[in-house]
Amino acid sequence: MKPAAFDYIRARSLDEATALLRAEGGDARILAGGQSLMAMINMRLVRPTLLIDVMQVPDAATPRLEGGALVVPLGTRQAAVLARPTLAAEVPLLAQALPWVGHVQTRARGTVCGSVAHADPSAEIPLVLAALGGAVHIRGRKRRIVPVAEFLTGMMQTALTDGELIEAVSFPCHTGGQAFAEYGRRHGDFALVAVAAVVSGPAVRLAVGGVNDTPALRDWPALDEAQIDDALNDLAWSLEARTDLHATARLRRDLVRRLGRHVIERARACA
Amino acid sequence: MPEGETDVAPFDKASASLRVEDPALLSGRARFIDDLPEPAGTLHAAILRSPHAHADLLSIDTRRAVALPGVFAVYDGQALAQVTDPLLVGVKVAVEARVLATDRVRYVGEPVAVVLAQSRYLAEDALDLIEVRYRPRPPVTGAMAALEATAPVLHDGLGHNLASDRRFAYGDPVAVMARAPHRVSVQIDYPRNSCTPMETYGVLASHDPDEGFDILANFQGPFSIHAVLARALKVAGNRLRLRTPPHSGGSFGVKQGVFPSMVLMAGCARLAGRPVKWIEDRLEHLTASVSATARSTTLTAGVDADGRILALDWDQVEDVGAYVRAPEPATLYRMHGNMCGAYDIAHLAIRNRVVMTNKTPTGLNRGFGGPQVYFALERLTARIAQELGLDPVAVIRRNLVSAFPYRTASGAVYDSGDYHRALDLALADGRYDALRAQQAQARAEGRLFGIGHAAVVEPSVSNMGYLSTVLTPQERAKAGPKNGAQSAATISVDPTGAVTVQIDSVPQGQGHQSVAAALVADLLGLDPAQVRVVAEFDTAKDAWSIAAGNYSSRFAAASLGAVQLATQRLRDRLAAIAAPMLGGDPAALRFADGAISAPGHKPIPFARVASASHWAPGTLPAGGAAIRETAIWTPDPLAAPDEQDGINSSLCHGFIFDFCGVEIDPLTHAVKVHRYVSMHDCGRILHAGMVEGQVRGGFAHAIGAALYEELAYAPDGAFLAGTFADYPVPTAHEIPPLEILHLETPSPVTPTGAKGVGEGNCMSTPVCIANAVADALAPVTGWVELTLPLTPARIADLIGPEPAAPRTSAVPRALPQGGGGGLTGQGRARVQASPQQVWDILMDPDQLAAIIPGAQGVTRPAPDRFTAEVILGVGPVKGRYTVEVALSDLSPPQSAVLSGRALGALGSGERVGHVTLTPLPGGGTEIAYTYDARIGGKVAAVGGRLLDGAARMIIGQFFAALGRRAGGQRAGWLARLGAWLREATE
Amino acid sequence: MRLTAAQRHKVSITLNGQTVTAEAEPRLLLSDFLRQTLAARGTHVGCEHGVCGACTVLIDGAPARSCLTLAVQADGCRVDTVEGLAPATGRLSALQAAFQRHHALQCGFCTPGILMSMDHLLAHDPTPDEARIREVLSGHLCRCTGYHPIIAAVTEAAARIQAETNHA
């Protein structure tokens, strides 16, 4: 299990990186933490012609608060975000979800933006971003900011076009209650189902990962005890739950119903 | 003191002592096979493997691979057949097993070609350039399905898939069963799993025309396989030198399965005239190294009203995979002597069938046969309790063997034990009553909390003759008897008086060197640190027999016995040398504190006596030198099968009684083990720390088997568990607490009194947990048959119907339902073009080329057939495939069937799609499609959880492009593909 | 500078405190660079897809799967491996010694990676509770021990290191 051959370059700036992406066409890949990409490269599932290492780009390793959001630039490792002392106050959902992303050893290398770019249907970080209505800051020849719901277009598919990369992602700092839960076969595995609840006043938003190709969102203006089970059952059945090696469609729907209720209650408790 | 007995106490010193193995392992100084130096000119091998479960191998084109710089050679099955013969097996059956496929492949991962190159990287580059043409055949993947008359046949020479079918009767099982007041049955499908050592297989092979083969491999034995290797390599045994490295990264039986790869690499080395090295990667290991057997069992007991089992009737169908590979069908026969487990049952019927399926061949795996047997037997005792309204512990107690030695119905001799006392101690010291109280409380709160039990006999030190029970008495008479379990050990003293011991147990991390050093040090009065134990194995230099190796928990009972005998002989010789200087009576001598002493005499340093045979042989008394002693020992009780098929299949028999309390998590349906108590009687405990290590390690493997792991296949034979993400080995989070209890009834048949201990929990724990889960579910489900692993998905299905889909929401969609491998789905798209226009695009190679992403060179060799080179993929995962599409059932311009087949380096795919074109009232066309796709090879093995979505995505892409071409979605379709597909897919 | 696939390029790392320079193709994994090129074979390779943790090393002080890292990515970095843990040849660190006392290893194949993660843990969290140890350990697969003795060893090592620190 060894990679096929490719060129490698350490980009010194984002302009250099985007210029390289443009010049190389579709077969160049951005290498950040590499925790998903390198495994696929080792298996030769991905065969880039060029890897552009962006981890030495200056000023990209530290998140910052900007316009009511936590902006995480592309060189920021997951561990660095998790270690931020104010994270639980700023983006509680992210603080709850990050410990579920892989393991200590992968979070020390993996980046927040890399996880969003990889767009795995089970990944926690895109789910949190979707639940909070966050945005993806894209840089190509020009810069554009895309809501995450538009950015994630399918399983491992994004709105990035050739020559573009993710410069940063921004997590809105909300005041409402937030709660995250997931179930995977083992701790640290891909989630069979992950759920994130955001409540503000009577309104409830639930984001579900691991079921559809992209995070699924459902908003309820209000959801009282008499409605919640039906509402969650309705949501569960509306999703595209599938059976695979690890779980049945039925289990996934059960997890949506049960974990969904669990996180809504928890989010309300801390609202 | 007669040989074979000892007054040596359990090694208290050793219990407290540190393992001599550890400093090197902790410091990065260990020497595993991939750490050893390579001979000059060594070539690195990579293996091309079949993506198909069953296919004819039509052609292999290696030209492009051979032309790659850095590639030395590429060998296919025809080339290897020049230097190797098929692998021998223990049953006579018309199956030819070669190390490289020649004309047919029979399981995913079967080796098809080998590349030898300057590095593994280059070798893998060349793999991508080999072009193989296959013609898929229908596969058979289930043991019972393989028996059906219409099942695809793997081996034409045999004509069916049944490799062996034997029936046994001990006592009068038919009559007793007929008379029994109750008959209780269970039906079990035991899955495939593997203990997956952290170090994969490794082989370094070379060939010299004069010396023969030299193979260094992390093989673990049994060395009966040496004979299989020599035959396959077409040399006499003395032209096959087999060595093992100083360290091995775990085995648990699994590294027995490296032997076909040893033949393969040795054959390549011979063809190449160069040393060849191969280090297996994890994908190869999970896909195609080896597996425990899957087994379908129907087990019936005739029972009286008190729960006493009067007769047992086993019907076992063993799935050994695509070939019967030595030593199979040993998994089925290892337990033959103890098929009644811990129970005193006089009447026993057994039918054993061995079938072949399109899966990886099976072999040794921790527990070897025990998990399969005890899962059925202990589910049965639980069911007896449930059906008769008895306490499950009472049913176990009522049937336990109570006097020792005990001869079982099928011929085993249980050497020692006190099962009733062990049971009572476990319940008392394990606080069973407290667990029952905890359960009552939990149930009162509405929680699903269950308690399970298991009593098992753990056999160890296999009788090398047990496998011959698969032959009829007449066949055995013709073949000659096989029996025993020779162990060999050599002890020597060097000119400085230092002691070196050579053991035959090929340790894989269990600490054999430490235990052997402690034993020898005790006998010779030395410090264990002064004794060097060499575990590297070399068939050219060491004393060994076919029984050598690391399996059937033979170390403590057998290998160590040989060490003890050799050491005693050396001590006797040393005593004879020392006696004249110490009063004349060898029996009065004491070996202690690095000296030999006798009352009233000044002690003589051990080294002085020990070195005398080197320096002053002329001064020795009659009786000669004390330089080197080799003991070869086989236990008497291991006779060949008798004419009534009775077999003492193992030398010693430990006992385990386990109970546990589990709860079903109300949020996730996951099984949580609250408490697990395991009582062991493994005879005399030689090293408490290492016994605990064996028990905990076996328990962890068993947790994996019970709750997490399965070497899963799709119905079409695609392998689905190719990574450690898809084969979920438990981590520290998943292993529950374990309480270990011991009772010691020393074995009278082993020199040390010890019995094996490393495998028992692999036999007891999966069924103990299953019994607990069944008990937890019982209030909602009643009796249920359970299949491992007990995943939340399986439990969800048992726990009751799911809440119905709401009428108000969209109808539940017919979505791709994989279970991995086989994927079905449907979609719909509306376009502005007329049905005829859409039809014309579908039938036109040039237009197809334009709409299939990445398609090149679309040709139409026949009116109903297209071929193309296509790049398919999802996101960054892309691969080049050769695609063939056949059109059938054409009714222009309304409907067609498209049958597609794709093959590339990442795997294979097959798809049948039905397309219907319906004119829309306002003009335009609705394109509706359904598909049934099968994906195999690497993408199926490593991407299982993404396959459904990927298939849907790729097929959707095609129809999206078709729609776009026909004037449907125009701009920016790629960017909006996800959203579009969701609209289109209903 | 673009490092081309077909060539080998100079890579310098500070391996266990010593600067070493060797050549690597861009695609060479750090695990192979350490083991094959630099002959530092204490780091083991168990899965090459980032799950088993056997190949874990510290890169600039943080744990990393060396199988998911390119040698060229580590150019200019500090890399610490199991060979650097012992205070001197023939001696063991407090953590290594605790592993030996608790039988926290059997075959020892996964051990180097686990030691690196645990060494890092104790350096940053000198008094981890069992849950924290389990959390960090869950990034590693071990098939021999059942993990329990490893947790006991790390717990004891932490206590001993604390005691020594307090004493000093």
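Residue numbers (the numbering used here), protein chains in the order written: chain A, 691 to 961; chain B, 29 to 1014; chain C, 131 to 298. Just so you know, even glycine gets a beta-carbon here, dropped at the ideal spot from N, CA and C. If you're wondering where the values come from, they're calculated on a predicted model, not measured in any experiment.
C/Ile291 and B/Leu54 have their C-alpha atoms some 18 Å from each other. Along the segment 808-832 of chain A, the positions whose C-beta sits under 9 Å from a C-beta of chain B are His808, Ala809, Asp810, Pro811 and Ser812, read in chain order. Fully enclosed alpha helix (DSSP H) runs of no fewer than 4 residues occupy 398-416 and 420-427 of the segment 388-452 of chain B, in order along the chain. Here A/Thr801 is not near A/Gly853, since their CB atoms are 8 Å or more apart.
Within chain B, the residues whose beta carbon sits less than 9 Å from that of C/Val181 are Arg310, Thr751, Phe752, Ala753 and Val757, listed in sequence order. Shown here for C/Leu164: same chain residues with a beta carbon closer than 6 Å to its own, the five before and five after excluded, namely Ala170 and Thr173 in chain order. B/Ala437 and B/Arg449 have their alpha carbons spaced roughly 23 Å apart. Any Cβ of chain A closer than 8 Å to the Cβ of C/Leu133 would place that residue at the interface, and such an atom is present. DSSP lists A/Ala884 as the beta-bridge partner residues of A/Glu872. DSSP places B/Glu486 in the strand class (E or B) of the three-state scheme. In the displayed model, B/Ser916 falls within a strand according to three-state DSSP. Between the alpha carbons of B/Val548 and C/Ala283 lies a distance of about 29 Å.
Taken in chain order, the whole beta strand (DSSP E) runs of length 3 or more contained in the segment 730-792 of chain B are 767-770. Within chain B, the residues placing a beta-carbon under 7 Å from that of A/Arg940 are Ala824, Asp825 and Glu830, ordered along the chain. Taking a cut-off of 8 Å on C-beta distances, the segment 812-830 of chain B does not touch the segment 492-512 of chain B, as fewer than three cross pairs fall below it.
Linking A/Arg948 to A/Thr938 through their CA atoms gives a straight-line distance of about 15 Å. Pairing C/Gln203 with B/Ala730, the inter-Cα distance amounts to about 40 Å. Taking a cut-off of 8 Å for Cβ pairs, the segment 716-729 of chain B and the segment 271-286 of chain C touch, as three or more such pairs fall below it. The residue among B/Ala545, B/Ala456, B/Asp50 and B/Asp522 with its C-alpha nearest the C-alpha of B/Ile531 is B/Ala545. Taking 8 Å as the cut-off, the beta carbon of B/Leu86 is found no closer than this to the beta carbon of B/Arg165. Listed along the chain, the chain C residues whose CB falls inside 8 Å of the CB of A/Phe696 are Ala135, Pro156 and Arg157. B/Ala95 counts as exposed, since fewer than 16 other C-beta atoms from the protein chains shown sit within 10 angstroms of its C-beta.
In summary, A/Pro911 is exposed, with fewer than 16 beta-carbon neighbours lying within 10 Å of its beta-carbon over all protein chains present.
Under the DSSP assignment, B/Tyr460 falls in the alpha helix (DSSP H) whose first and last residues are Tyr460 to Ala472. Here DSSP, grouped into helix, strand and coil, assigns B/Arg302 to coil.
By the Cβ criterion, the segment 863-881 of chain A is not in contact with the segment 768-778 of chain A, since fewer than three pairs of Cβ atoms, one from each stretch, lie closer than 8 Å.
Burial check for B/Pro608: the Cβ neighbour count within 10 Å stays below 16, so the residue is exposed.
Beta-bridge pairing by DSSP links B/Leu244 to B/Leu232 and B/Arg271. Close to chain B, meaning a Cβ-Cβ distance shorter than 9 Å, are the following residues of the segment 734-766 of chain A: Arg734, Leu735, Val736, Arg737 and Pro738. Residues of chain B with a Cβ closer than 7 Å to the Cβ of A/Arg943 are, in chain order, Glu830.
Per DSSP, B/Ser573 has no beta-bridge partner at all.
Of all residues in the segment 707-726 of chain A, only Gly724 and Gln725 place a beta-carbon less than 7 Å from a beta-carbon of chain C. Counting along the chain, no alpha helix (DSSP H) covers B/Asn380; the unbroken beta strand (DSSP E) around it starts and ends at His375 to Val383. A/Ile835 is classed as exposed because its beta carbon has fewer than 16 other beta carbons within 10 Å across all chains shown. Each of B/Gly589, B/Arg636 and B/Leu945 was checked against the Cα of B/Ala603, and the nearest Cα belongs to B/Arg636. B/Thr567: not part of any beta strand (DSSP E); DSSP gives it neither H nor E.
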